[in-house]
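According to the UniProt record's numbering, numbering within the sequence shown proceeds without interruption in unit steps and concludes at 348.
Note that CB positions come from ideal geometry on N, CA and C, so glycine has one too.
All figures in this text were calculated on a predicted structure; none of them were measured in a lab.
Here the structure is laid out as structure tokens; the discussion comes afterwards.
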Amino acid sequence: MQNIPESYSIEDLLKDESFIVWVYEGSQNEQWEKWLADYPHKTDEVKQASTILKNLQFEGNTIEQKRIDHLKEQILAQIDQGTQQTVYPINQQVNRFSYGWVAAAVLLLLVGGLVVFQNFNKSEEETAESTEIKMLEKVTTKGQKIWLTLHDGTQVKLNAESKLSFPSHFSKESRVVSLEGEGYFVVTKDESRPFIIKSGGLTTMVLGTTFNIRSYGEEQEVKVALKEGKVAVYREEGQTETEKMILEPAEMLVYNKINNNLQKDAFDPSEVLAWKDGILRFKDAQLPEIITLLERWYGVDITLKKTGPFEKDFTGTYKNKSLDTVLEGVCFSFGLQYTLEGKQVELY
């Protein structure tokens, strides 16, 4: 599909096969990510559509045939009760997940007043207690960024070289995940179940809000930056109530893993959150930091052949620019040249 219109409604999203694939597989989709970046006011509709799809309880790309049959029976029963809708053809032999069929089913559920969905979801909830909770992981490599939607509708964008560990479905008491690397969270509000993120020795607890966490293993600082809402942050070990810090919008907490110090300060969203919108930003950055970020951003390996010292700082902003363009600016600033062959870069 080309040029997703701004006017897309929840119904339009639920009928769109590429959107359904994106939600269920959690894979990278530049088209939908760009659409969200261009129209951030559509976030709530995307979250609602994602929640409806997630509540259908499909896991991965495979569904047991008996569950397909059950849902088909519910839909056919609704039709028999007098709801006149167009039914999409269903391949009786299909054993693999059909995104097109789900789009048709969801549309029927919507137009039919969600009666079928409610009944089906109720039966799922009745057996939830006996369902085994599985721990899942989503890992990004160098040069990769992805959006994923958790079972409760919470959306997470993972930066490159990051890992999110989370359960297949959350308990009735809380929602707990673990993060290594960097992630931007848009948490679905649920006052009865706090959302908890464990990252680099810190615990961040929220009810429903939007924030960013940066916690790479090789970096000595963990940073929690709050865009909207309110969060409580504390050290995982030795925490007391007096040590808990509350963040307000536009505040960032910095935790030093070396000296165990917590510090709260204001932050510039255009700098800290730029990565999620495809913007590569350097501010007073030194060459080693630049090399690490370029390797992570573009998925390359960079070798520095020239000895320093490189005492200059570099400041620059690049939106959706090629690696060549960025390297030209960096090399000009530090008096270097470069070669680029495949995924290998040499600076000399």
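Task: Residue range of the alpha helix (DSSP H) that includes Val330 - done: Position 330 of the sequence shown, counted from the start, is the residue given in the question as residue 330. Bounds of the alpha helix (DSSP H) holding Val330 are 323–334.
Item checked: Val187: first and last residue of the uninterrupted alpha helix (DSSP H) it sits in -> Translated into the one-based positions of the sequence shown, residue 187 becomes position 187. Neither: Val187 is in no alpha helix (DSSP H) and is coded neither H nor E.
Report task. Name the residue from Gln286, Leu202, Arg281 whose alpha carbon lies nearest to the alpha carbon of Gln263. Result -> Looking up residue 263 in the sequence shown gives position 263. Closest option to Gln263, Cα to Cα, is Leu202.
Query raised in the report: Which residues mark the beginning and the end of the alpha helix (DSSP H) in which Leu14 is found?
Result: Mapped onto the sequence shown, residue 14 falls at position 14. Run containing Leu14: 10–15, per the alpha helix (DSSP H) assignment.
Just the Cα atoms here: how many angstroms apart are Lys343 and Ile10? Here residue 343 is taken as the residue at index 343 of the sequence shown, counted from 1. Here residue 10 is taken as the residue at index 10 of the sequence shown, counted from 1. Distance between the alpha carbons of Lys343 and Ile10: 40 Å.
### Task
Give the secondary structure of Glu33 by DSSP, where H, G and I count as helix, E and B as strand, and everything else as coil.
For the purposes of this step, residue 33 is taken as residue 33 along the sequence shown, with counting starting at 1. Looking at Glu33 - three-state DSSP - the assignment turns out to be helix.
Going by the DSSP bridge assignment, what does Trp147 pair with across the sheet?
Stepping through the sequence shown from its first residue, residue 147 is reached at position 147. Its beta-bridge partners are Lys157.
Notebook entry, point to check: Taking C-beta to C-beta, are Glu45 and Leu14 nearer than 8 Å?
Noted result: One-based indexing of the sequence shown puts residue 45 at position 45. One-based indexing of the sequence shown puts residue 14 at position 14. Going by C-beta atoms, Glu45 is not nearer than 8 Å to Leu14.
Use the C-beta contact count for Asn260: other C-beta atoms within 10 angstroms, 16 or more gives buried, fewer gives exposed. Here residue 260 is taken as the residue at index 260 of the sequence shown, counted from 1. With a 10 Å radius around the Cβ and a threshold of 16 neighbouring Cβ atoms, Asn260 comes out exposed.
Exercise for the section: Tell me whether Gln155 is buried or exposed, calling it buried when 16 or more other Cβ atoms sit within 10 Å of its Cβ. Expected result: As a first step, residue 155 is located in the sequence shown; it is residue number 155 there, counting from the start. Buried.
### DSSP beta-bridge partners of Gln263
Taking the first residue of the sequence shown as position 1, residue 263 is located at position 263. Note: Gln263 sits in a beta bridge opposite Val254.
**Study point:** Cα-Cα separation, Thr225 to Gly181
**Key:** On the sequence shown, position 225 is the one that residue 225 refers to. On the sequence shown, position 181 is the one that residue 181 refers to. The amino acid at residue 225 is misidentified as Thr; the sequence shows Ala. Going from the Cα of Ala225 to the Cα of Gly181 covers about 14 Å.
| task | Following the continuous alpha helix (DSSP H) through Leu294, name the residue where it begins and the one where it ends. | result | Taking the first residue of the sequence shown as 1, we reach residue 294 at position 294. Note, Leu294: alpha helix (DSSP H), 287–298.
- Query: Are the beta-carbon atoms belonging to residue 363 and Gln31 less than 8 Å from one another?
  - Reply: Residue coverage of the chain in this structure runs from 1 to 348, which leaves residue 363 outside it and unanswerable.
Could you tell me which residues DSSP pairs with Leu207 in its beta bridges?
Position 207 of the sequence shown, counted from the first residue, corresponds to residue 207. Under DSSP, Leu207 shares a beta bridge with no residue.
Exercise. Output the boundary residues of the beta strand (DSSP E) element that contains Pro167.
Key: The residue given as residue 167 occupies position 167 in the sequence shown. 163–167 is the extent of the beta strand (DSSP E) around Pro167.
- Message: I'd like the span of the alpha helix (DSSP H) that includes Ser270, first residue to last.
- Response: The sequence position of residue 270 within the sequence shown is 270, counting from 1. Where Ser270 is concerned, the enclosing alpha helix (DSSP H) stretches over 269–272.
Ends of the beta strand (DSSP E) at Ser199?
For the purposes of this step, residue 199 is taken as the residue at position 199 of the sequence shown. Looking at the DSSP string, the run of the beta strand (DSSP E) that includes Ser199 is 195–199.
Please look up how many angstroms separate the CB atoms of Ala160 and Gly143, rounded, as I've assumed it's under 8 Å. For the purposes of this step, residue 160 is identified with residue 160 of the sequence shown, where counting begins at 1. For the purposes of this step, residue 143 is identified with residue 143 of the sequence shown, where counting begins at 1. About 6 Å separates the beta carbons of Ala160 and Gly143, which is inside the 8 Å limit, making them a contact pair.
Item to complete: Grab me the residues of Leu287's own chain with a C-beta within less than 7 Å of its C-beta, minus the 5 sequence neighbours each way, in chain order.
Response: Looking up residue 287 in the sequence shown gives position 287. Same-chain partners within the cutoff: Phe310, Phe334.
Margin query: My output table needs one value for Lys42: the three-state DSSP class, helix, strand or coil.
Written below: Position 42 of the sequence shown, counted from the first residue, corresponds to residue 42. Residue state, collapsed to three classes: helix.
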